[in-house]
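S.K.: In the working numbering, the protein residues as written are 3 to 325. Cβ coordinates follow ideal geometry from the N, Cα and C atoms, glycine included. Structure incoming, see below.
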């Protein structure tokens with residue numbers, strides 16, 4: 003392990019510990035147990051159903067992007083590798099699942115590396131755009147001061163959403179910047195620069211295909227359905243806890259807690275996700291204890307099913323990464 007990697011991992015653990023301490027410092031273990039014992043398993047099982055429904059939409063979105071390279075690819079072929087990459091992100095550092103998805107399944111799926119990388123990039127942009135959209139909707143619905151909760155203004159939120167949308171629709175606008183960086187690498191490391199140039203050209207060709215109106219409209223639709231499914235999961239887990247005074251606060255916790263996973267942390271986004279999810283619940287009138295238990299419970303519901311499903315795929319389909 004390099005010193006740089008060690009420092010990044012250490013920083014992630016430190017950040018996670020700080021946020022986790024901020025989360026639990028005002029709640030006793032006995033109080034948390036009492037709240038958790040009141041949880042309804044019926045609502046939790048229903049939440050898990052909608053969790054997988056949302057992921058079915060994500061897999062379909064991924065399949066649509068990969069079909070531009072392999073027109074015969076089926077949803078069933080994509081499901082295992084997709085869930086496996088999520089499971090790997092949940093348990094391995096440095097978003098290793100993304101690396102595995104970019105390089106580990108291409109032969110099995112009949113696609114090239116450029117398509118795989120481009121699909122992952124577009125997927126991330128779509129997710130950020132949708133989360134910003136849902137956060138904006140929550141802002142309007144609850145009429146709260148966004149900056150008082152996050153330190154960011156509503157205008158900054160809108161600007162970020164517009165920027166992401168432009169990247170999705172007009173990827174060629176950002177091509178000169180990427181190629182200029184590639185040119186600088188080429189001056190120092192010609193062989194690497196040449197290889198990167200070839201891959202960048204392929205990636206932007208794929209991005210241009212994804213940005214076509216018909217394809218992008220489908221990708222936006224499946225993204226919207228996927229995140230609606232996850233929003234329902236947040237609501238159902240809130241329904242499972244009778245001690246919560248404002249169940250609808252889950253509609254704010256959903257985008258805010260998820261966007262917080264951008265902050266460096268441990269695999270599975272421990273600490274950061276939980277803290278901001280709890281803060282959203284507290285902000286809209288729930289007690290600290292109930293909000294804290296809710297944050298931990300929703301984290302388990304989001305983490306465990308994907309990790310188990312993806313883990314089973316890995317168990318029977320070992321991956322050997324080849325660039």
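Use the C-beta contact count for residue 125: other C-beta atoms within 10 angstroms, 16 or more gives buried, fewer gives exposed.
M.R.: Stepping through the chain shown from its first residue, residue 125 is reached at position 123. Answer is buried; the Cβ neighbour count reaches 16.
S.K.: Which same chain residues end up closer than 6 Å to residue 18 when comparing Cβ atoms and leaving out the 5 residues on each side of it in sequence?
M.R.: As a position in the chain shown, residue 18 is number 16, starting the count at 1. Taken in chain order, the residues that qualify are 267, 268, 272 and 273.
S.K.: If we ignore side chains and look at the alpha-carbon of each, how far apart do residue 39 and residue 305 end up?
M.R.: The residue labelled residue 39 in the question sits at position 37 within the chain shown. The residue labelled residue 305 in the question sits at position 303 within the chain shown. Near 20 Å, if we compare the C-alpha coordinates of residue 305 and residue 39.
S.K.: Does DSSP classify residue 97 as helix, strand or coil?
M.R.: Here residue 97 corresponds to residue number 95 of the chain shown, with the count starting at 1. Three-state result, residue 97: coil.
S.K.: Could you tell me how far apart the beta carbons of residue 231 and residue 56 are, in whole angstroms, since I believe they sit closer than 8 Å?
M.R.: Working through the chain shown from its first residue, we reach residue 231 at position 229. Working through the chain shown from its first residue, we reach residue 56 at position 54. With a Cβ gap of about 3 Å, residue 231 and residue 56 count as contacting.
S.K.: Mark residue 242 as exposed unless 16 or more other C-beta atoms lie within 10 angstroms of its C-beta, in which case mark it buried.
M.R.: Translated into positions along the chain shown, residue 242 becomes position 240. Burial call: buried.
S.K.: For residue 325, count neighbouring Cβ atoms within 10 angstroms of its own Cβ and tell me buried if that reaches 16, exposed if not.
M.R.: For this step, residue 325 is matched to residue 323 along the chain shown. With a pLDDT of only 48 at residue 325, under 50, the local geometry of the prediction cannot be trusted, and the value read off the model is given with reservation. With fewer than 16 other Cβ atoms within 10 Å, it is exposed.
S.K.: How long is the line joining the alpha carbons of residue 234 and residue 206, rounded to whole angstroms?
M.R.: One-based indexing of the chain shown puts residue 234 at position 232. One-based indexing of the chain shown puts residue 206 at position 204. For residue 234 and residue 206, the distance between alpha carbons rounds to 35 Å.
S.K.: Leaving out the 5 sequence neighbours to the left and right, which residues in its chain are closer than 7 Å to residue 202 when beta-carbon positions are compared?
M.R.: Here residue 202 corresponds to residue number 200 of the chain shown, with the count starting at 1. Taken in chain order, the residues that qualify are 180, 181 and 184.
S.K.: Suppose you measure from the CA of residue 102 to the CA of residue 87; what does that come to, to the nearest Å?
M.R.: Taking the chain shown and counting its residues from 1, the one referred to as residue 102 is at position 100. Taking the chain shown and counting its residues from 1, the one referred to as residue 87 is at position 85. Each residue's Cα considered, the two are about 6 Å apart.
S.K.: If you measure between the beta carbons of residue 166 and residue 127, is that distance less than 8 Å?
M.R.: The count along the chain shown starts at 1 and reaches residue 166 at position 164. The count along the chain shown starts at 1 and reaches residue 127 at position 125. Yes, these two residues count as a Cβ contact at 8 Å.
S.K.: Whole angstroms are fine: how far does the CA of residue 25 sit from the CA of residue 290?
M.R.: By 1-based counting over the chain shown, the position of residue 290 is 288. By 1-based counting over the chain shown, the position of residue 25 is 23. Each residue's alpha carbon lies about 9 Å from the other.
S.K.: What does a CB cutoff of less than 8 Å around residue 168 pick up in its chain, not counting 5 residues either side in sequence?
M.R.: Taking the chain shown and counting its residues from 1, one reaches residue 168 at position 166. Contacts found: 175.
S.K.: Below 8 Å, can you find three or more Cβ-Cβ pairs linking the stretch 278-296 to the stretch 31-38?
M.R.: Verdict: yes, contact present.
S.K.: Buried or exposed: where does residue 140 fall if 16 or more other Cβ atoms within 10 Å of its Cβ makes it buried?
M.R.: Locating residue 140 in the chain shown gives position 138, counting from the first residue. Looking at its Cβ environment, which holds 16 or more other Cβ atoms inside 10 Å, residue 140 is buried.
S.K.: Tell me whether residue 246 sits in a helix, a strand or coil according to DSSP, three-state version.
M.R.: For the purposes of this step, residue 246 is taken as residue 244 along the chain shown, with counting starting at 1. Three-state result, residue 246: coil.
S.K.: Quick one: what does DSSP say residue 319 is sitting in, helix, strand or coil?
M.R.: Start at 1 with the first residue of the chain shown, and residue 319 comes out as number 317. Correct three-state label for residue 319: coil.
S.K.: By DSSP, does residue 129 sit in helix, in strand, or in coil?
M.R.: In the chain shown, the residue the question calls residue 129 occupies position 127. Helix.
S.K.: Please state if the CB of residue 173 and the CB of residue 213 are separated by a distance shorter than 8 Å.
M.R.: The count along the chain shown starts at 1 and reaches residue 213 at position 211. The count along the chain shown starts at 1 and reaches residue 173 at position 171. Yes. Within cutoff.
S.K.: Would you check if the stretch 217-226 and the stretch 98-117 touch, i.e. whether three or more CB-CB distances between them fall below 8 Å?
M.R.: Contact fails: fewer than three Cβ-Cβ distances are below 8 Å.
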